[in-house]
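Residue numbers (the UniProt record's numbering): 1 to 159.
Where a beta carbon is used, it is the ideal one built from N, C-alpha and C, also for glycine.
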Amino acid sequence: MELVVRAAVVFVFLWVVTRAVGRSTLGELSTFELLLYVTMGDLVQQAVTQQDYSLTGGMLAVGTFALLTLSLSWVQWRFPRVRPLVTGRALVVFQDGRPVEANMRTQRLGLADLLVAAREEGIRHTAEIEYAVMEADGRISFFTRQQDDDGAPEKSAAG
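Now the structure itself:
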C-alpha cells in the first residue's frame, strides 16, 4: 500500500512539474528538457520503488501511474470544465499583425520561435498571419488572412 501512495504522490508532483516546465511536445523538446525528463524518470523510480526491485513492486508502480492517467482522462471527459486545469488553455500569441507579448511571456515563447513555426507552416511574412494560437499541447496554430476574400458573396457562373 505504501508503494501505491508514493506512486500517487510522485504522479501528482510530476504533473505539476510538467505543467510548470511548459508546453513543448515531445518532438520539440530542447536538450535541457530532454535531460530533465530522463533524470526525473530515474529519480522518480527511486522515489516510488524505494529500493523495491521486485517484479510486483514495479508492476504496482506502473499500474498506479496508468490508473491515475486513465482517471484524469475520465475526469476531463466527464467534467469538461476541469480540462483547462489539467491540460491548460489555448492562448492567442499573435493577433492583428503583432505578437501578444503577455501571452508569449507566460508561455516563454520567443518571437524567433514563433517565426520558425510560421515558416514551417509555409508562412513567409507576419502580414499573412491574422492570428496564431498556442494550443494546450504546445503546437501553434496559424490562421492566415484571406487576400481574395472581400466579404462579398461569390458570384455564380450562370449570371
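Proximity of residue i and residue j at Cβ, strictly below 7 Å
| i | j | result |
| --- | --- | --- |
| leucine 68 | phenylalanine 11 | yes |
| valine 75 | alanine 132 | no |
| isoleucine 140 | alanine 112 | no |
| alanine 7 | threonine 64 | yes |
| leucine 3 | leucine 72 | no |
| phenylalanine 143 | glutamate 121 | no |
| methionine 134 | leucine 91 | yes |
Whole-number beta carbon distance between residue j and residue i, since they are thought to touch under 8 Å
| i | j | result |
| --- | --- | --- |
| aspartate 88 | alanine 20 | Looking at the sequence provided, one finds glycine at residue 88 rather than aspartate. Incorrect: roughly 11 Å between the Cβ atoms, too far for contact. |
| glutamate 130 | arginine 145 | 5 Å |
| leucine 85 | proline 99 | Contact flag wrong, Cβ pair sits at about 26 Å. |
Residue i beta carbon near the ligand GDP (any heavy atom closer than 6 Å)
| i | result |
| --- | --- |
| arginine 119 | Among the components modelled here there is no ligand, and therefore nothing to report on the ligand GDP. |
Notebook entry, point to check: Residue ranges of each alpha helix (DSSP H) run of no fewer than 4 residues wholly in the UniProt domain "YetF C-terminal" (79–147), ordered along the chain?
Noted result: 83–87, 101–106 and 111–120
Notebook entry, point to check: Below 8 Å, can you find three or more Cβ-Cβ pairs linking the stretch 37–53 to the stretch 89–109?
Noted result: no
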